[in-house]
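Colleague: Questions regarding the structure given below will be posed in turn.
Protein chains: 2
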Amino acid sequence: MLLKSRIKYIQSLGHKKSRQEAGEFLAEGPKIAAECIRFAAQDVRAVYALKPWLEEASRILTKLDPGIVQEVDELDLLRLSQLQTPNQVLLLMAERPRSFPPDTVDQPILVLDDIQDPGNFGTLLRTADWFGIHSIVCTRDCADLYNPKVIQASMGSFLRCSVSYTEPAEWIDALPGQVAVYGTLLEGQGIFEYGPIDRGLILVGNESRGLSPGLQQRTTHKVTIPRIGGAESLNAAVAAGIVMSVLTRKL
Amino acid sequence: MLLKSRIKYIQSLGHKKSRQEAGEFLAEGPKIAAECIRFAAQDVRAVYALKPWLEEASRILTKLDPGIVQEVDELDLLRLSQLQTPNQVLLLMAERPRSFPPDTVDQPILVLDDIQDPGNFGTLLRTADWFGIHSIVCTRDCADLYNPKVIQASMGSFLRCSVSYTEPAEWIDALPGQVAVYGTLLEGQGIFEYGPIDRGLILVGNESRGLSPGLQQRTTHKVTIPRIGGAESLNAAVAAGIVMSVLTRKL
């Protein structure tokens with residue numbers, strides 16, 4: 636049985652303010668839970684799970700203090716979960732210390748400009764991780780890294796990404812030397828005309844407004860994904876996925 | 636003022652069964668509403684909108700019988716809407732007659748294998764539309780084309796796509812001649828090694844299981860999106876977007 640106060644506390648972590656006060660967040664579902672335990676066991680504060688999952692996951696659970704692992708029934712899990720259909724296990728995790736944006740650009744870095752949909756934000760982290768991009772610089776109006784929907788959509792990739800919140804235009808201005816800045820704009824050059832890169836910034840604009848004027852101004856390489864059909868635009872995560880795939884390809 | 640029975644009916648269209656019985660569905664928000672009126676005025680059965688939108692959209696509204704346009708207040712719109720935050724206008728639309736899968740493959744065709752998330756399904760339509768792919772063949776377990784979340788995520792592209800539900804493996808077997816079938820698999824050849832195509836099938840697998848054995852078997856060109864980092868997989872819509880962008884590129 637779970638204490639009412641405990642249930643209430645865990646439910647409160649759906650809200651950014653509560654997460655920031657507590658420094659804790661939620662990660663749900665077998666896949667994400669397994670990745671959290673495997674890659675960040677030291678950050679796991681509590682595990683609430685159904686019996687079948689506890690049996691199935693017994694091997695990785697040896698990485699944790701047994702005192703923080705609690706079996707719950709389906710009703711309790713439903714009470715704790717942020718998902719419409721709770722998925723076997725819910726982890727309470729400690730937030731990691733906030734990251735700072737990197738001082739130099741010696742690798743490809745993703746820059747997110749007011750990506751507000753948490754599903755898009757999480758999908759962007761997952762895609763960046765796939766393409767080996769692990770440094771993400773965000774405007775302060777982007778979705779919160781620890782939003783349950785971000786964690787869900789990132790599918791564990793949030794563990795491998797360093798995500799910092801800052802004022803990207805000012806950060807770019809303070810970077811030493813020449814930096815290649817790739818921005819997706821309607822009047823750019825076709826993406827397939829760009830060679831693979833081993834460093835540089837890849838800008839991703841807001842879902843409805845696109846790139847802010849400040850970031851457009853700092854774009855040194857204007858990129859377009861050639862359109863053949865009738866859609867007015869692409870989803871931000873899909874567009875960024877295409878740009879990342881082409882710019883990080885091996886020849 | 637709206638009749639209670641009318642509100643109840645419109646709310647019921649969030650469910651597939653009600654939509655199928657009624658042959659009607661909902662389309663919300665200024666962008667999608669404008670596209671529906673512009674490209675499918677004959678299918679618009681009713682418009683419910685706030686006053687500012689009616690004023691702003693007065694020009695395109697001339698395409699409709701004024702008798703089907705009704706001003707509502709914010710409270711009524713909230714009652715009618717399937718969105719968490721209603722967005723100015725809601726259209727009641729007639730479903731179009733169901734499409735049949737094409738008899739021949741003289742263009743690129745997208746084949747969706749149990750894409751269950753309506754957001755992914757709609758994003759796939761939007762992306763296909765962008766790349767000029769307007770024929771979509773789906774398994775019967777895919778999300779319903781007229782699910783409000785599909786309409787939302789497709790951003791109007793559902794109007795330009797012919798979407799048919801069938802048994803794709805049997806359909807492929809019945810196609811005349813040799814057909815190139817591109818399937819994304821972990822052990823395929825890198826996507827950038829494939830030239831642009833002017834016809835063929837592009838298979839997209841289920842979000843968690845990937846391609847079914849039957850469709851894997853019919854794959855003539857195994858495609859992989861090279862992975863550099865740690866993510867286990869890509870989001871289905873992002874992966875398909877990358878494959879579509881590369882296969883439809885102009886050299």
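One line per chain: the protein sequences are A and B, in this order.
What the first sequence shows, in the numbering used here, is residues 636 to 886, in sequence order.
What the second sequence shows, in the numbering used here, is residues 636 to 886, in sequence order.
Glycine is no exception: its CB is placed at the ideal position from the N, C-alpha and C atoms.
If you scan the region 757 to 805 of chain A from start to end, which runs of the beta strand (DSSP E) of 3 or more residues do you find wholly inside it?
Modeller: If we require 3 residues or more, the beta strand (DSSP E) runs fully inside the region 757 to 805 of chain A come out as 770 to 774 and 797 to 801.
Colleague: Given that a residue counts as buried once 16 or more other Cβ atoms are within 10 Å of its Cβ, and exposed if not, what is B/D700?
Modeller: Translated into positions along the second sequence, residue 700 of chain B becomes position 65. With fewer than 16 Cβ atoms within 10 Å of its Cβ, B/D700 is classed as exposed.
Colleague: So that I know if they touch, is there some Cβ in chain A lying closer than 8 angstroms to that of B/P861?
Modeller: What you label residue 861 of chain B is simply residue 226 of the second sequence in a count that begins at 1. Chain A contact via Cβ: present.
Colleague: Closest to B/T762 by CA distance: which of B/A809, B/V740, B/F793 and B/E706 is it?
Modeller: The residue you call residue 762 of chain B lines up with position 127 of the second sequence. Nearest option by C-alpha distance: B/F793.
Colleague: Using the Cβ count rule (16 or more neighbours within 10 Å means buried), how would you classify A/M636?
Modeller: Taking the first residue of the first sequence as 1, we reach residue 636 of chain A at position 1. With fewer than 16 Cβ atoms within 10 Å of its Cβ, A/M636 is classed as exposed.
Colleague: For A/H650 and A/V682, what's the separation of their Cα atoms in angstroms?
Modeller: Counted from its first residue, the first sequence places residue 650 of chain A at position 15. Counted from its first residue, the first sequence places residue 682 of chain A at position 47. Cα-Cα distance, rounded: 20 angstroms.
Colleague: By DSSP, does B/I832 sit in helix, in strand, or in coil?
Modeller: Counting from 1 along the second sequence, the entry for residue 832 of chain B is found at position 197. If DSSP states are grouped into helix, strand and coil, B/I832 belongs with coil.
Colleague: Is the beta carbon of A/R714 sitting closer than 8 angstroms to the one on A/I642?
Modeller: Counting from 1 along the first sequence, the entry for residue 714 of chain A is found at position 79. Counting from 1 along the first sequence, the entry for residue 642 of chain A is found at position 7. Yes, Cβ-Cβ distance for A/R714 and A/I642 is below 8 angstroms.
Colleague: Taking the straight line between their C-alpha atoms, what separation do you get for A/L712 and A/Q719?
Modeller: As a working note, residue 712 of chain A is residue 77 in the first sequence. As a working note, residue 719 of chain A is residue 84 in the first sequence. The straight-line gap from Cα to Cα measures roughly 11 angstroms.
Colleague: Going by beta-carbon coordinates alone, are A/R795 and B/G864 separated by less than 8 angstroms?
Modeller: Residue mapping note: residue 795 of chain A aligns to position 160 of the first sequence, counting from 1. Residue mapping note: residue 864 of chain B aligns to position 229 of the second sequence, counting from 1. A contact, by the Cβ cut-off of 8 angstroms.
Colleague: Give the secondary structure of B/P811 by DSSP, where H, G and I count as helix, E and B as strand, and everything else as coil.
Modeller: On the second sequence, residue 811 of chain B is found 176 positions in, with the first residue counted as 1. Three-state result, B/P811: coil.
Colleague: Which chain B residues are close to A/A872, counting only those with a beta carbon under 9 angstroms from its beta carbon?
Modeller: On the first sequence, residue 872 of chain A is found 237 positions in, with the first residue counted as 1. Those within 9 angstroms of A/A872 in chain B are T758, N870, A872, V873 and G876.
Colleague: Verify whether the separation of the beta carbon atoms of A/V772 and A/P736 is less than 8 angstroms.
Modeller: Within the first sequence, residue 772 of chain A is the residue found at index 137, counting from 1. Within the first sequence, residue 736 of chain A is the residue found at index 101, counting from 1. Against a cut-off of 8 angstroms, the Cβ pair of A/P736 and A/V772 comes out as a contact.
Colleague: Would you call the region 796 to 805 of chain B and the region 724 to 741 of chain B in contact, with 3 or more CB pairs under 8 angstroms?
Modeller: Touching, per the Cβ criterion.
Colleague: Can you check whether the C-beta of A/D700 is within less than 8 angstroms of a C-beta belonging to chain B?
Modeller: Within the first sequence, the letter at position 65 stands for residue 700 of chain A. Closer than 8 angstroms: no.
Colleague: So with CB distances below 8 angstroms, who are the chain A contacts of B/T762?
Modeller: Position 127 of the second sequence, counted from the start, is the residue given in the question as residue 762 of chain B. Under the 8 angstroms cutoff, chain A gives A866, L869, N870 and V873.
Colleague: Please list, in chain order, the residues of the region 677 to 710 of chain A that have any C-beta partner in chain B closer than 7 angstroms.
Modeller: Per Cβ criterion, the list is empty.
Colleague: Going by beta carbon distance, what residues of the same chain come within less than 6 angstroms of A/T855, once the five residues before and after it are set aside?
Modeller: As a first step, residue 855 of chain A is located in the first sequence; it is residue number 220 there, counting from the start. Here the set comprises A815 and V816.
Colleague: Check whether chain B comes within 8 angstroms of A/R844, counting only Cβ atoms and requiring the distance to be less than that.
Modeller: By 1-based counting over the first sequence, the position of residue 844 of chain A is 209. Chain B contact via Cβ: absent.
Colleague: Whole angstroms are fine: how far does the CA of A/W688 sit from the CA of A/N722?
Modeller: Within the first sequence, residue 722 of chain A is the residue found at index 87, counting from 1. Within the first sequence, residue 688 of chain A is the residue found at index 53, counting from 1. Between A/N722 and A/W688, the C-alpha separation is close to 10 angstroms.
Colleague: Checking contacts by CB at 8 angstroms: is B/K651 closer than that to chain A?
Modeller: By 1-based counting over the second sequence, the position of residue 651 of chain B is 16. It does not: the Cβ of B/K651 has no partner Cβ on chain A nearer than 8 angstroms.
Colleague: Pull up the distance between the alpha-carbon of B/S653 and that of B/N782, whole angstroms please.
Modeller: For the purposes of this step, residue 653 of chain B is identified with residue 18 of the second sequence, where counting begins at 1. For the purposes of this step, residue 782 of chain B is identified with residue 147 of the second sequence, where counting begins at 1. One C-alpha to the other measures close to 11 angstroms.
Colleague: Go to A/G823, then tell me how far its alpha helix (DSSP H) extends in each direction, as first and last residue.
Modeller: The count along the first sequence starts at 1 and reaches residue 823 of chain A at position 188. No alpha helix (DSSP H) contains A/G823, which is instead part of the beta strand (DSSP E) from V816 to G825.
Colleague: Pop quiz: B/I725 and B/L661 are said to be a contact at Cβ under 8 angstroms. What is the actual Cβ separation, rounded to whole angstroms?
Modeller: Here residue 725 of chain B is taken as the residue at index 90 of the second sequence, counted from 1. Here residue 661 of chain B is taken as the residue at index 26 of the second sequence, counted from 1. According to the sequence as given, residue 725 of chain B is Leu; it is not Ile. Correct: roughly 6 angstroms between the Cβ atoms.
Colleague: Is the beta carbon of B/V878 sitting closer than 8 angstroms to the one on A/A872?
Modeller: Here the question's residue 878 of chain B lines up with position 243 in the second sequence. Here the question's residue 872 of chain A lines up with position 237 in the first sequence. Taking 8 angstroms as the Cβ cut-off, B/V878 and A/A872 do not qualify as a contacting pair.
Colleague: Which partner residues does B/H650 have in the DSSP bridge list?
Modeller: Looking up residue 650 of chain B in the second sequence gives position 15. In DSSP, B/H650 forms no bridge with anything.
Colleague: Can you pull the DSSP bridge partners for B/E706?
Modeller: Start at 1 with the first residue of the second sequence, and residue 706 of chain B comes out as number 71. In DSSP, B/E706 forms a bridge with B/A684.
Colleague: Against chain B, with Cβ distances strictly below 8 angstroms, would A/G754 count as a contact?
Modeller: Numbered from its first residue, the first sequence carries residue 754 of chain A at position 119. So, interface residue.
Colleague: Look up A/V878 in the DSSP assignment and say whether it is helix, strand or coil.
Modeller: Counting from one through the first sequence, the residue named residue 878 of chain A turns up at place 243. DSSP places A/V878 in helix when its eight states are reduced to three.
Colleague: Nearest to A/L745 by alpha carbon, out of A/K698, A/E691, A/Q751 and A/I768?
Modeller: Taking the first residue of the first sequence as 1, we reach residue 745 of chain A at position 110. Measuring from the Cα of A/L745, the nearest candidate turns out to be A/I768.
Colleague: Could you tell me whether the Cβ of B/T883 comes closer than 8 angstroms to any Cβ of chain E?
Modeller: No chain E is present in this structure, whose protein chains are A and B.
Colleague: Sort B/Q705, B/K698, B/L850 and B/G754 by Cα distance to B/I807 and report the nearest one.
Modeller: Position 172 of the second sequence, counted from the first residue, corresponds to residue 807 of chain B. Out of B/Q705, B/K698, B/L850 and B/G754, B/L850 has the C-alpha closest to the C-alpha of B/I807.
Colleague: Quick one: measure Cβ to Cβ for B/G840 and B/D741, integer angstroms, because I've assumed they're closer than 8 angstroms.
Modeller: As a first step, residue 840 of chain B must be located in the second sequence, where it is residue number 205. As a first step, residue 741 of chain B must be located in the second sequence, where it is residue number 106. That pair is no contact at about 24 angstroms.
Colleague: From A/L846 to B/A809, what does the alpha carbon distance come to, in whole angstroms?
Modeller: Along the first sequence, read from residue 1 onward, the residue named residue 846 of chain A stands at position 211. Along the second sequence, read from residue 1 onward, the residue named residue 809 of chain B stands at position 174. Rounded to whole angstroms, A/L846 to B/A809 spans 47 angstroms at the Cα level.
Colleague: Could you say which of B/E656, B/D776, B/L727 and B/K686 lies nearest to B/L710 if we only look at CA atoms?
Modeller: If you number the second sequence from 1, residue 710 of chain B lands on position 75. Nearest of B/E656, B/D776, B/L727 and B/K686 to B/L710, Cα basis: B/K686.
Colleague: In this structure, how does DSSP classify B/V679 when only helix, strand and coil are distinguished?
Modeller: The residue given as residue 679 of chain B occupies position 44 in the second sequence. Correct three-state label for B/V679: strand.
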